[in-house]
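When we follow our numbering, the leftmost residue of the sequence shown carries the number 543, and every step to the right adds one.
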Amino acid sequence: MPTKDIRADLGLRPVINVSGTMTSLGASIVVPEAVEAVSAILTEFVEMGDLHRRASQVIAELTGAEAGFVTASCSAAISLAVAASMTSSDLAAIERLPDTTGLKNEVVIQSGHMISYGAPVEQAIRLTGAKVVPVGQATSASAYHLRGAINERTAAAVYVVSHHVVDYAQIPLKIFAEIAHERGVPVIVDAASEYDLAGFLADGADLVLYSGHKFLGGPTSGIVAGSKAFVRGVYLQNRGIGRGMKVGKEGIVGALAALSAWKSRDHEGIRARERRALDCWVEALAGKPGVIAEIVPDPTNNPLDRLKLRVDPAEARISAWDLADRLAAGDPPVIVRDHEVEHGYFYLDPCNLHPGEEHKVVARLTEELEKARMSNEVIITPFTERLLRQEAAILKWPD
Ligand SMILES: *Cc1c(COP(=O)(O)O)cnc(C)c1O
Numbered sequence: 543m544p545t546k547d548i549r550a551d552l553g554l555r556p557v558i559n560v561s562g563t564m565t566s567l568g569a570s571i572v573v574p575e576a577v578e579a580v581s582a583i584l585t586e587f588v589e590m591g592d593l594h595r596r597a598s599q600v601i602a603e604l605t606g607a608e609a610g611f612v613t614a615s616c617s618a619a620i621s622l623a624v625a626a627s628m629t630s631s632d633l634a635a636i637e638r639l640p641d642t643t644g645l646k647n648e649v650v651i652q653s654g655h656m657i658s659y660g661a662p663v664e665q666a667i668r669l670t671g672a673k674v675v676p677v678g679q680a681t682s683a684s685a686y687h688l689r690g691a692i693n694e695r696t697a698a699a700v701y702v703v704s705h706h707v708v709d710y711a712q713i714p715l716k717i718f719a720e721i722a723h724e725r726g727v728p729v730i731v732d733a734a735s736e737y738d739l740a741g742f743l744a745d746g747a748d749l750v751l752y753s754g755h756k757f758l759g760g761p762t763s764g765i766v767a768g769s770k771a772f773v774r775g776v777y778l779q780n781r782g783i784g785r786g787m788k789v790g791k792e793g794i795v796g797a798l799a800a801l802s803a804w805k806s807r808d809h810e811g812i813r814a815r816e817r818r819a820l821d822c823w824v825e826a827l828a829g830k831p832g833v834i835a836e837i838v839p840d841p842t843n844n845p846l847d848r849l850k851l852r853v854d855p856a857e858a859r860i861s862a863w864d865l866a867d868r869l870a871a872g873d874p875p876v877i878v879r880d881h882e883v884e885h886g887y888f889y890l891d892p893c894n895l896h897p898g899e900e901h902k903v904v905a906r907l908t909e910e911l912e913k914a915r916m917s918n919e920v921i922i923t924p925f926t927e928r929l930l931r932q933e934a935a936i937l938k939w940p941d
């Protein structure tokens, strides 16, 4: 940790992040190798085409793909990949987008994959001028739905791997890719948060997209890997709609440093440290009335466990969401993973903790649980009230 906390200078609260890798909190702790690389390049000039060539080699090496490209974000990568599926290397077509006259312009995606990662995935597709064609229903997609959705105008098939997608009755990637390939349609896999850098290509992806700033611990960036011709088409979008999504030299160099560091990272050691944080929380919460803590694996099988904390308001005298809100409002603010909190639980994610912060989390949790036990009435804000309050807060910005 730096000795001086820049957040204090900016009047910002020193947040403890137990929610995972969240754009709203600044993504992840950037690894020291990337921090150094970013600061080393900022004052120098480079030939950007060559820097992108070097990036292509590094990404290819790590993923087993033919080529790679660094984008501004995974969301940008979705748009640029879809654009490339329509234009290939046709520079005139690239400059014409989002006008897709004369191009194949339909993109199929399973309805259960049409999620929001903070913005709708289908908007990242439509931004290019492409038309989204949903496959199946949210909770049911079959091979025949996909076959029926593909026609002579289909430019690409997008597949999302994420804890956000519906996790049953979807078409497995291998089958999805087989069907798309039978009809000559390339498959783009959005694997923004997935640790597996080679598996999706092996399962049939033509292009796979990652976030550089999530598990990889790079600066804000996206990583594209795939066949040379397809990746070239993505690169060339920088002369068109990609310009407004461009990544700077610092983003590219930082992403490369993070990728290289990933190769030599002590994954076992990190796993063990996360496990110690989880064990520390389990121990601290054992026997607390109305709180059941359970270590659970990541839903998409990333090598990452979290603590699921179920709160019974009758015993704990507070709802899960009120507890989450009080932790977030406290000093220091502790932000938990609360995207399913209406079910009466939230998670503590240890992947973005600085050493020692797990104890501060315990201290705050214990404090709030004890306060709730002492309170005369059970603390339950109606959940709808919480939703409306959050929505109103968004619209008040910058106040
Ligand atoms: C985070 C995420 C994105 C967006 O990634 P950014 O790099 O932040 O733009 C896209 N898809 C999924 C599934 C994600 O989880």
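Idealized CB from N, CA, C, for every residue including glycine.
Own chain, CB closer than 8 Å to residue i, minus 5 neighbours either side, in chain order
i	result
ALA856	GLY832 and VAL920
TYR887	LYS850, LEU851, ARG852, VAL853 and ALA862
THR681	GLY654, VAL708, TYR710 and ALA711
PRO874	ARG555, PRO556, VAL557, ILE558, LYS902 and ARG906
Range covered by the alpha helix (DSSP H) that runs through residue i
i	result
GLY793	791-806
THR605	590-605
GLU900	899-916
ILE936	925-938
GLU810	809-827
GLU637	633-638
MET628	616-629
LEU743	741-744
ASP867	862-871
Residue i - containing beta strand (DSSP E), residue span
i	result
TYR752	749-753
THR613	609-613
LYS716	Taken as a continuous stretch (DSSP letters only), LYS716 belongs to no beta strand (DSSP E), being part of the alpha helix (DSSP H) at 715-724.
LYS770	Where LYS770 is concerned, there is no enclosing beta strand (DSSP E), although the alpha helix (DSSP H) it sits in stretches over 770-778.
ILE837	833-839
Contact set for residue i: own chain, Cβ-Cβ below 6 Å, skip 5 residues either direction
i	result
GLY796	ALA576, ALA579, VAL580, GLY760 and PRO761
ALA609	SER598, ALA602, LYS770 and VAL773
ALA619	THR613, LEU751, GLY764 and VAL766
ALA582	none
SER617	ALA666
ALA803	VAL573 and GLU575
ILE794	LEU593, ALA597 and VAL612
Sequence-distant residues of its chain with Cβ nearer than 7 Å to residue i (five each side left out)
i	result
VAL789	VAL612, THR613, ALA614 and SER763
THR842	VAL703, SER704, HIS705 and GLU736
LEU820	ILE837, ASP847, LEU849 and PRO892
LEU567	VAL557, ASN559, SER561 and ILE877
For residue i, the nearest candidate out of the options (CA to CA)
i	options	result
ILE636	ILE783, ALA698 and ILE812	ILE783
LYS756	ILE721, LEU743, GLY775 and ALA800	ALA800
VAL883	VAL903, CYS893 and ILE860	ILE860
ASP748	PRO728, GLY553 and ASN693	PRO728
LYS791	VAL573, TYR659, ARG596 and THR565	ARG596
ASP840	GLY829, LEU688, CYS893 and MET564	CYS893
MET656	GLU810, ARG848, ALA699 and ILE558	ALA699
ILE834	SER630, GLY678, SER684 and LEU911	LEU911
LEU604	LEU552, LYS673, ALA666 and LEU739	LEU739
ALA734	GLU927, LEU937, SER630 and ALA569	ALA569
ILE667	LEU758, ALA625 and SER630	ALA625
ALA672	ARG689, GLU724, LYS646 and VAL663	LYS646
ALA858	ALA819, ASN918 and VAL838	ASN918
GLY768	ASP821, LEU890, ASP551 and SER627	SER627
GLY660	ILE936, ASP941 and PRO940	ILE936
ARG638	THR670, ARG848, ASP941 and VAL600	THR670
ARG818	ALA828, GLY553, GLY829 and ASP847	ASP847
VAL677	LYS805, SER753, ILE651 and ARG781	ILE651
ASP891	HIS885, THR923 and CYS822	CYS822
LEU622	ALA697, GLY898 and GLY562	ALA697
GLY746	LEU758, GLU724, SER753 and GLY754	GLU724
GLN779	MET590, THR629, ALA934 and ALA550	THR629
LEU827	GLU900, THR565 and HIS896	GLU900
ARG813	ASP632, PRO845, GLN932 and PRO897	PRO845
Residues bridged to residue i [DSSP beta-bridge criterion]
i	result
ALA699	VAL650 and VAL729
TYR887	ARG852
MET542	In the structure as shown, the chain starts at 543 and stops at 941, and residue 542 therefore has no counterpart that could be examined.
ALA579	ALA579 is not bridged to any residue.
ASP547	BP columns for ASP547 are empty, so no partner.
SER658	PRO662
PRO676	ILE651
SER682	GLN679
ASP847	PRO839
ARG879	TYR889
ALA767	GLY610 and VAL750
Contact test: residue i Cβ vs ligand 2 heavy atom, cutoff 6 Å
i	result
SER615	With respect to small molecules bound, the structure shown includes ligand 1 and not ligand 2.
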